[in-house]
DNA sequence: TTAACCGTACTAACCTATATAGTACGGTTA
DNA sequence: TAACCGTACTATATAGGTTAGTACGGTTAA
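Protein chains in written order, with the numbering used here: chain A, 7 to 135; chain B, 7 to 135.
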């Protein structure tokens, strides 16, 4: 499914949260798609099942997945208009990144260009949806 | 100078790194401006000088400040065109944030609008340089 | 030159967070 | 029933963060 960097100083469960979150927002994992079982993923990554569960618990707490005892864990469909708190946090991060790019000498035009390349329905960049 | 969240799970020295980095990229701390002495800042924040030093060491390692024994620590002027590695990391982060905004239902037009508000030499947003 | 700063380095101790191992329970499904 | 699923719990070992204290060399102004 993905790889981990065990030499990293970042906790394994946090790396898991980030990786899975990316797979969700990049639409690699589709809404309501089932995630690997805790024990299965633990076996594949050769880490402890408790660590997987901690990551899943965190992902559920952040609203990216939902778990059903006896059935499995699944990707939670996003509800547009919800998560205003998360959106505010994202805008803060965005502002910080843009500021640092300006600080590093990137021109405003270049910044706009780079971002438009990430967006759908535009020439110059396509998303694999 | 700023405040810390001692209840946060994030390490104090990492919070320090982030806060000071923000002050630098937002141009609140000007190039070659002297930072508070290790012991002074430790006194103001009522934390251990070792923790401040750890943050300063990390900031120096990341290229945001430079320290001179006997004199002090200072804001390192940015060199445009340098730090291509950091720029690549920023673009990755940017792509992730844009993807999550799309995932949360923000339209591409709105994303562009929000970013343009962060940029100088445009109506609708100003930077305090 | 002395005194007061500056960054830096080091040890020791404490505490929390992380990760592992093992066991167990209830719900689901073929 | 058997084999899965998520979940919970204890215990243990280790790593990282923080504090405390001490110390050293460079800088600067009195």
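We treat Cβ as the ideally placed atom computed from N, Cα and C, and that holds for glycine. Computed from a prediction, not measured in an experiment: that's the story for all the values here.
Separation of residue 62 of chain A and residue 74 of chain A (C-alpha to C-alpha, rounded to the nearest whole angstrom) is 12 Å.
Put simply, of B:92, B:117, B:94, B:91 the residue whose alpha carbon is nearest the alpha carbon of residue 103 of chain B is B:117.
Here the alpha carbons of residue 23 of chain B and residue 76 of chain B stand approximately 22 Å from one another. For residue 71 of chain B, no CB of chain A lies under 8 Å from its own CB, so it is not counted at the interface with that chain. For residue 89 of chain A, the nearest CB of chain B lies under 8 Å from its own CB, placing it at the interface with that chain.
Among the residues facing chain A, residue 105 of chain B is included, as its CB has a counterpart in that chain under 8 Å away. Closest by C-alpha distance to residue 39 of chain B, out of B:53, B:65, B:55, B:83, is B:83. Straight-line measurement puts the Cα of residue 71 of chain B at about 20 Å from the Cα of residue 50 of chain B. Residue 52 of chain B and residue 106 of chain A have their alpha carbons spaced roughly 29 Å apart. Ranked by Cα distance from residue 35 of chain A, the options A:94, A:79, A:89, A:19 are led by A:79.
Listed along the chain, the chain B residues whose CB falls inside 8 Å of the CB of residue 125 of chain A are 104, 108, 114, 117, 118.
Residue 57 of chain A counts as buried, since at least 16 other C-beta atoms from the protein chains shown sit within 10 angstroms of its C-beta. Proximity of the region 15-34 of chain B to the region 86-99 of chain A falls short of the contact definition, fewer than three beta-carbon pairs being nearer than 8 Å.
Distance from the CA atom of residue 88 of chain B to the CA atom of residue 43 of chain A, rounded to whole angstroms, is 45 Å. Pairing residue 122 of chain A with residue 90 of chain A, the inter-Cα distance amounts to about 23 Å.
The three-state secondary structure of residue 72 of chain B, taken from DSSP, is strand.
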